[in-house]
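The structure appears right after this line, and notes come after that.
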Amino acid sequence: MTASPQTEDGYLMIANELMEAILGFGFSLREQSVLFTIIRKTYGFRKKEDDISASQIGDMCNVARQHVTSTLNLLAARRVITKRPGRFGSIIGVQKDHRKWVTMQHMRSAVASPDLGQVDCLEDGESTDSVVPNQDTCPELGHVPNQDVASPNSGHLLVPIRDTQKTTSKDNQQKKRSCAPQADRESESRTSAGRQGRATTGSSDDLQNRFARFYAAYPRKKSRKAAEKAFAKLNPDEQLLADILSSLDRAMTSGEWTDPQFIPYPASWLSAEGWRDEIQVEYSAGEQAVIGFFNDALGEQLGVVPMAPFVGARAAAIRSFVTFSQKPGFTERYFPWVRDNTSLPPGVGFDFLISRKGFSNATSGQHERKAK
136 MTASPQTEDG YLMIANELME AILGFGFSLR EQSVLFTIIR KTYGFRKKED
186 DISASQIGDM CNVARQHVTS TLNLLAARRV ITKRPGRFGS IIGVQKDHRK
236 WVTMQHMRSA VASPDLGQVD CLEDGESTDS VVPNQDTCPE LGHVPNQDVA
286 SPNSGHLLVP IRDTQKTTSK DNQQKKRSCA PQADRESESR TSAGRQGRAT
336 TGSSDDLQNR FARFYAAYPR KKSRKAAEKA FAKLNPDEQL LADILSSLDR
386 AMTSGEWTDP QFIPYPASWL SAEGWRDEIQ VEYSAGEQAV IGFFNDALGE
436 QLGVVPMAPF VGARAAAIRS FVTFSQKPGF TERYFPWVRD NTSLPPGVGF
486 DFLISRKGFS NATSGQHERK AK
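Converting from the sequence shown to this note's numbering requires adding 135 to each position, the first position being numbered 1.
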């Protein structure tokens, strides 16, 4: 069967100027793939931006999710896209004013204009993904407020710190310290600092109250003492606790934690900073394909498996199932083979057939063979 794309089935409109800017800007293949996927997910649905997960983008452009995440961060730092937290992933859109885009040459430039002032320094090996504007001023180091980050028009460039930094004098270190944001300097004098410079709570009563709120919201009540220890080590402030509770709500409503066996112990979840994980809200293309193979072969006999709502436990089981054999096309051939060669007992369905036990029973002759 040959492909025959038709505009009647959907199309997207993009200005020639924007397309030419993308083609001529010097993006890497991965950056261009991610950018065109964003355009498909937004302009393709007549939207300027959309709430998109990294896994959705990765499935469409065949890029691993972790690489999608780093590419999105870099494109946002270069002002090619807009990106802010969303409910399912990030709310992403294309920055149409391509004159604001920042080239990698300017991002990595080792020369800053002394006439234009501000220079941001990166340690050797540090990614530009984490670059954020410094809102404070520091006359000692020439920092100037209210300039665009990494903009060639403003002269705000990113300069790698070379080995000469190792000989920095004590006076210069004091100057750097004095250039820290005011809130961080005050927190150092008042209280200890938590992760990433966040001020920690000083009251044990506050900590106990916050833990009680967390534990009440966490859906699996296991190893409370270990959970308290992990929570105390984290010592979250109100803002972080709000992020944690919000993440729990998303995990519960997404379907990922429908089956309690897939919910980690609270201590493990806290130690792994589980609230930072991306929440899956729909089956991936590969998972949908496995469901489709079953529905085509056995759906009429055993019941059709719906694509929605998303069930996290089922998605995890599918990801495990596809590892049972390394033979090419195994997942596509398995369900027709079961249909044609085995007499399944009552109550058997998709979830059992993709489990380790169900797969073993079906392929090792545990079920009665159909007469040929």
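Backbone N, C-alpha and C fix where the C-beta goes; we use that ideal spot for every residue, glycine too.
Taken atom to atom, the span from the alpha-carbon of residue 168 to that of residue 198 is near 8 Å. With a cut-off of 8 Å on Cβ pairs, the segment 421-429 is not in contact with the segment 372-385, counting fewer than three such pairs. Judged by DSSP secondary structure, residue 143 falls outside any alpha helix (DSSP H); it is assigned neither H nor E.
When the alpha-carbon of residue 409 is set against those of 398, 482, 418 and 490, the nearest one is in 398. As DSSP reads the structure, residue 229 sits in a beta bridge with 216. When rounded, the separation of the alpha-carbon atoms in residue 343 and residue 205 is 36 Å. In this structure, the alpha-carbon of residue 229 lies about 25 Å from that of residue 141. Per the Cβ contact rule, the segment 443-458 is in contact with the segment 482-498 (3 or more Cβ pairs under 8 Å). For residue 194, there is no enclosing beta strand (DSSP E); the enclosing alpha helix (DSSP H) covers residues 189-196. Around the CB of residue 146, fewer than 16 other CB atoms lie within 10 Å, so the residue is classed as exposed.
Collapsing the DSSP output to three states places residue 458 in coil. In terms of Cβ geometry, residue 170 and residue 210 form a close pair [threshold 8 Å].
Inter-residue distance for residue 217 and residue 233 is about 12 Å (C-alpha atoms, whole angstroms). Residue 478 has its alpha-carbon roughly 14 Å from the corresponding atom of residue 469. The beta-bridge partner set that DSSP reports for residue 186 consists of 226.
Across the structure, residue 347 and residue 225 are spaced so that their CA atoms are roughly 30 Å apart.
By the CB criterion at 8 Å, residue 159 and residue 238 fall outside the cutoff. Straight through space, the alpha carbons of residue 156 and residue 137 are spaced by roughly 33 Å. Residue 150 and residue 231 have their alpha carbons spaced roughly 10 Å apart. In the DSSP annotation of this structure, the continuous segment of the alpha helix (DSSP H) that includes residue 154 starts and ends at 151-159. About 6 Å separates the Cβ atoms of residue 484 and residue 438, confirming a contact at the 8 Å cut-off. Exclusion of the five residues before and after residue 191 leaves 176, 224 and 417 as the residues of its chain whose Cβ lies within less than 8 Å of its Cβ.
The beta carbon of residue 432 is closer than 7 Å to those of 470, 471 and 474 in its chain, skipping five residues each way along the sequence.
Closest option to residue 144, judged by alpha-carbon separation, among 166, 164 and 180: 180. If you ignore the 5 residues before and after residue 493, its C-beta comes within less than 6 Å of the C-beta of 487, all in its own chain and listed in chain order. In the DSSP assignment, residue 401 falls within the alpha helix (DSSP H) that extends over 401-406. Distance from the CA of residue 200 to the CA of residue 363, rounded to the nearest whole angstrom, comes to 32 Å. Burial state of residue 189 is buried, judged by a 10 Å Cβ sphere holding 16 or more other Cβ atoms. The beta carbon of residue 356 lies closer than 6 Å to none in the same chain, with the five residues before and after it left out. About 6 Å separates the beta carbon of residue 184 from that of residue 227, a gap short enough to meet the 8 Å contact definition. The C-alpha of residue 374 lies about 58 Å from the C-alpha of residue 476.
When the Cα atoms are used, residue 163 and residue 187 turn out to be separated by approximately 21 Å.
Assigned with DSSP and collapsed to three states, residue 430 falls in helix. In the structure shown, the three-state DSSP call for residue 181 is coil.
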